[in-house]
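Notes follow once the structure below has been shown.
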Amino acid sequence: MQLKNKFDLKLNLILKLIFTMVFENVSPNINYPMIIDYMALCTNNRESTSNNYNACVFCQKFGFQEPIEIFIDENTATCPHCGLDTVISVSEIPGWDGTYISEIEYAQKKLRILSGLYGLLKPLDIIQPYRLEMGTNVQKIFDNSLYGFWEHEITKSLNNELEINKSNFLLNLSSNEYFKCINSKDINVDIISVKFLINKDGDLKQIGMLSKKCRGAMARFVLKNKITNYKDIKDFNDYGYSFYKKDKNTITFVKD
Ligand SMILES: [Zn+2]
Numbered sequence: 001m002q003l004k005n006k007f008d009l010k011l012n013l014i015l016k017l018i019f020t021m022v023f024e025n026v027s028p029n030i031n032y033p034m035i036i037d038y039m040a041l042c043t044n045n046r047e048s049t050s051n052n053y054n055a056c057v058f059c060q061k062f063g064f065q066e067p068i069e070i071f072i073d074e075n076t077a078t079c080p081h082c083g084l085d086t087v088i089s090v091s092e093i094p095g096w097d098g099t100y101i102s103e104i105e106y107a108q109k110k111l112r113i114l115s116g117l118y119g120l121l122k123p124l125d126i127i128q129p130y131r132l133e134m135g136t137n138v139q140k141i142f143d144n145s146l147y148g149f150w151e152h153e154i155t156k157s158l159n160n161e162l163e164i165n166k167s168n169f170l171l172n173l174s175s176n177e178y179f180k181c182i183n184s185k186d187i188n189v190d191i192i193s194v195k196f197l198i199n200k201d202g203d204l205k206q207i208g209m210l211s212k213k214c215r216g217a218m219a220r221f222v223l224k225n226k227i228t229n230y231k232d233i234k235d236f237n238d239y240g241y242s243f244y245k246k247d248k249n250t251i252t253f254v255k256d
């Protein structure tokens, strides 16, 4: 099958996802909030959006306090930023515990997540549960790999965002499988990668699951401390890891 454009590919990926969920029975067991849950919070919300921090599902403004001035049918808030009726009260977001507004806002600006289905995501982008790893072989179906499909778009978007944020480095916390979808030669700043190793009787080994945990913890550490100089990353010491060495653009942490 020859795909005409990106829309076709997205549509086909979604169809494949539905196919996978229905026929391979891999629907997730976790109760993630679904888009429909969020949309329900966007209507008849005059009361909940009147004296709270609000967020907009469409334009992604989070924790804003500008008053809502226009209500559809006198009862449904419209966003003061984009004008759409996609406002929700932050206090009503499923799982929200009422803290970290500034951290989340900061993460919205600084953290990007790579996805085989969605490309480049911000932390608050609403997505459906899905299973489509970047390394999935879709060559026969789509006449392209997901790497080939996403590379240009993701690389360009990252460069734009690095410029907007005036960032002087890109911290890579993704696995090799995912990072391959970026054309690293075309990224306009230094890319700093991080390795987490375990010291077993003098042998330094990488353990997949632990590395995954540490990459998440490192993202939290960088965002919480608003780190803008990669030298400060050395202070990370979660899960018993501490700074070991820096070679070229790779920083290694070791746990004894
Ligand atoms: Zn908006």
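In the working numbering, the protein residues as written are 1 to 256.
The beta-carbon is built from N, C-alpha and C at its ideal position, and this holds for glycine as well.
What I want to know is whether the C-beta of residue i ends up closer than 7 Å to one or more non-hydrogen atoms of ligand 1.
| i | result |
| --- | --- |
| Leu84 | yes |
| Lys61 | yes |
| Phe71 | no |
| Cys42 | no |
| His81 | yes |
Taking 6 Å as the limit between beta carbons, can you name the residues of its chain near residue i, skipping five residues before and five after?
| i | result |
| --- | --- |
| Asn31 | Residue placement at Asn31 is poorly supported in this model, since its pLDDT is 49, which falls under 50; the coordinates still yield a value, given next. Counting only Cβ-Cβ distances below 6 Å, and skipping sequence neighbours, we find nothing. |
| Thr43 | Thr76 |
| Phe23 | Note that Phe23 scores a pLDDT of 35, beneath 50, so its modelled location is shaky and nothing firm can be said. |
| Ala55 | Phe62, Ile88, Val90 |
| Asn234 | In the sequence on display, residue 234 carries Lys and not Asn. Same-chain partners within the cutoff: Phe243. |
| Ser184 | Ile191 |
Give every residue of the same chain whose Cβ lies closer than 7 Å to the Cβ of residue i, excluding the five residues on either side of it in the sequence, and list them in chain order.
| i | result |
| --- | --- |
| Glu69 | Pro80 |
| Tyr178 | Leu114, Met134 |
| Glu66 | Pro80 |
| Met218 | Leu173, Val194, Phe236 |
| Gln139 | Ser145 |
| Asp256 | Asn199 |
Please report the straight-line C-alpha distance between residue i and residue j, rounded to a whole angstrom.
| i | j | result |
| --- | --- | --- |
| Thr250 | Val90 | 38 Å |
| Thr86 | Ala107 | 21 Å |
| Tyr239 | Tyr230 | 20 Å |
| Ile227 | Asp73 | 45 Å |
| Ile182 | Thr136 | 16 Å |
| Asp186 | Phe64 | 35 Å |
| Met209 | Lys245 | 22 Å |
| Asn199 | Lys213 | 17 Å |
| Cys82 | Phe71 | 14 Å |
| Lys180 | Tyr147 | 7 Å |
| Asn225 | Asn144 | 40 Å |
| Leu41 | Pro129 | 20 Å |
| Leu223 | Leu132 | 27 Å |
| Lys248 | Asn159 | 21 Å |
| Gln206 | Val254 | 9 Å |
| Phe221 | Phe149 | 32 Å |
| Leu197 | Asp232 | 19 Å |
| Asn25 | Met39 | Low confidence applies to Asn25: its pLDDT is 37, below 50, so where it sits in the model is not reliable, and the reading given next is rough at best. Answer to the nearest angstrom: the Cα atoms are 27 Å apart. |
| Asn45 | Tyr53 | 13 Å |
Can we count residue i as close to ligand 3, meaning its CB is less than 7 Å from some heavy atom?
| i | result |
| --- | --- |
| Cys56 | Looking for ligand 3 in the displayed structure turns up nothing; the ligands present are ligand 1. |
With residue i and residue j assumed to form a contact (beta carbons below 8 Å), what rounded beta-carbon distance in angstroms separates them?
| i | j | result |
| --- | --- | --- |
| Gly119 | Ile154 | 6 Å |
| Lys109 | Asn51 | With a Cβ gap of about 26 Å, Lys109 and Asn51 do not count as contacting. |
| Glu257 | Arg112 | The chain is shown only over 1 to 256; residue 257 falls outside these bounds and no answer can be derived. |
Could you pull out every residue in the same chain whose Cβ sits closer than 8 Å to the Cβ of residue i, ignoring the five residues on either side in sequence?
| i | result |
| --- | --- |
| Asn29 | Here Asn29 scores only 43 on pLDDT, less than 50, and its place in the model should not be relied on; the value that follows carries that caveat. Here the set comprises nothing. |
| Val105 | Sequence check: residue 105 is Glu here, not Val. If we look at Glu105 and ignore the five residues flanking it on each side, its Cβ neighbours are Phe62, Gly63. |
| His152 | Asn183 |
Check whether chain C comes within 8 Å of residue i, counting only Cβ atoms and requiring the distance to be less than that.
| i | result |
| --- | --- |
| Ala40 | Absent from the structure is chain C; it holds one protein chain and no more. |
Query - Segment contact, 8 Å Cβ cut-off, at least three pairs: the stretch 123 to 131 with the stretch 48 to 64 - result: yes
Report task. Pair every Cβ in the stretch 166 to 174 with every Cβ in the stretch 188 to 204, then say whether three or more of these pairs are closer than 8 Å. Result -> yes
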